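Numbering-wise (numbering that gives the first Met the number 0), the sequence shown opens with residue 0 and increments by one. Before any comments, here is the structure.
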Amino acid sequence: MQYSNASRAGTNGVADVLRGAIILDLATNGGMINMPDQNSSAENVRLTARVEGIVQAVGFRYWTQREAKELGLIGTVSNNDDGSVAVVVEGPQHFVLQFRNWLRSDRTPGRVDKVEETSSPATGEFKDFWIM
């Protein structure tokens with residue numbers, strides 16, 4: 000399955016898929032992204048992302064939690080020591096893709112320069128969405 004990111008009009012970019020990891024350079028996003036087909040858009044999937052840029056001390060975790068909860072997703076968001084933010088979300092594939100598009104959009108607080116992400120089947124370990 001392929002999905003396009005049209006959240007930033009006028010941008011042009013390419014995503015490289017390396018052994019299931021999707022590495023996105025948001026300065027040039029807009030390319031086609033391959034996500035594993037989970038056989039059903041209603042089946043739960045997991046997105047694990049590392050977000051780089053100006054993403055600490057700008058409300059990024061709060062707004063990430065808010066967006067995830069609005070989409071009915073569960074998981075965590077936390078600051079990393081290197082200044083990046085770690086995000087893990089689980090839920091129906093359709094909503095995880097919406098969240099991923101939001102994460103890559105200009106609607107996030109601060110400035111997102113790069114997102115490294117992987118997708119996998121959901122583990123079911125979360126009951127809510129928490130800021131760590």
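The beta-carbon is built from N, C-alpha and C at its ideal position, and this holds for glycine as well. Every value quoted in this text rests on a predicted model; they were computed, and no experiment measured them.
8 Å Cβ shell around residue i - same chain, five flanking residues per side excluded
i	result
Thr75	Ala85, Val86, Val87, Phe125, Phe128, Trp129, Ile130, Met131
Between the CA atoms of residue j and residue i - distance to the nearest angstrom
i	j	result
Val57	Gly82	12 Å
Pro120	Trp62	25 Å
Asp105	Thr122	30 Å
Lys113	Glu42	27 Å
Arg45	Gln92	8 Å
Val54	Asn79	10 Å
Ser118	Thr47	6 Å
Arg103	Leu70	16 Å
Beta-bridge partners of residue i, as assigned by DSSP
i	result
Ser77	Ala85
Pro91	Asn43
Ala110	Contrary to the premise, residue 110 reads as Arg rather than Ala in this sequence. According to DSSP, Arg110 bridges with Ile53.
Phe128	Gly74
7 Å CB neighbourhood of residue i in its chain, flanking five on each side removed
i	result
Glu66	Phe98, Trp101
Gly72	Looking at the sequence itself, residue 72 is Leu, so the reference to Gly does not match. Within the same chain, Leu72 has close Cβ partners Val88, Glu89, Gly90, Phe94, Val95, Phe98, Phe128.
Pro108	Val57, Gly58, Phe59, Trp62
Ala68	The question names Ala, but residue 68 in the sequence shown is Lys. Cβ neighbours of Lys68 beyond the five flanking positions: Phe128.
Member of the options whose CA lies at the smallest distance from the CA of residue i
i	options	result
Gly64	Val44, Ser77, Gly109	Sequence inspection shows Gln at residue 64; the Gly mentioned does not correspond to that position. Of Val44, Ser77, Gly109, the residue nearest in Cα terms is Ser77.
Gly52	Thr117, Gln92, Arg110	Arg110
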